[in-house]
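Residue numbers (the working numbering): 2 to 129.
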């Protein structure tokens with residue numbers, strides 16, 4: 002992260018505390034990589050901070066939209082299904098069906114099912 006983001010971190014820590022866990026899950030579902038998820042999170046936090054997007058009524062949707070945006074640009078290779086199974090154990094068939102979807106659809110479905118976002122907000126955040 003840049004120096005500016007670190008300096009502003011105190012100002013946004015309350016928002017980050019609220020969303021970090023859920024945002025990481027979304028970033029992981031999109032990148033299918035722990036390293037990719039961390040990279041995407043750092044980029045999204047930095048952009049959100051630079052834009053002054055914290056504290057607004059739609060900060061969660063805006064933050065998740067930035068995660069989707071940066072996940073599309075992430076060049077860190079995803080883990081294979083075998084690697085995911087080895088590291089996290091056997092997942093349900095629903096999980097494997099989800100990760101087989103394109104990134105934008107994975108994002109939309111994750112936000113609807115796990116973040117209780119409306120169809121409209123999830124589609125907007127996912128860039129659909």
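We put the CB at the ideal spot given by N, CA and C, even for glycine.
Query: From 22, 33, 121, residue whose alpha carbon lies closest to that of residue 82; Result: 33
Query: Cutoff 7 Å; reference residue 61; Cβ partners in own chain excluding five residues on either side; Result: 20
Query: 8 Å Cβ cutoff met for residue 71 and residue 41; Result: yes
Query: Between the CA atoms of residue 116 and residue 80 - distance to the nearest angstrom; Result: 24 Å
Query: Cβ pair residue 36, residue 77 closer than 8 Å; Result: yes
Query: C-alpha distance - residue 24 paired with residue 58, whole-angstrom precision; Result: 17 Å
Query: Cβ pair residue 27, residue 112 closer than 8 Å; Result: yes
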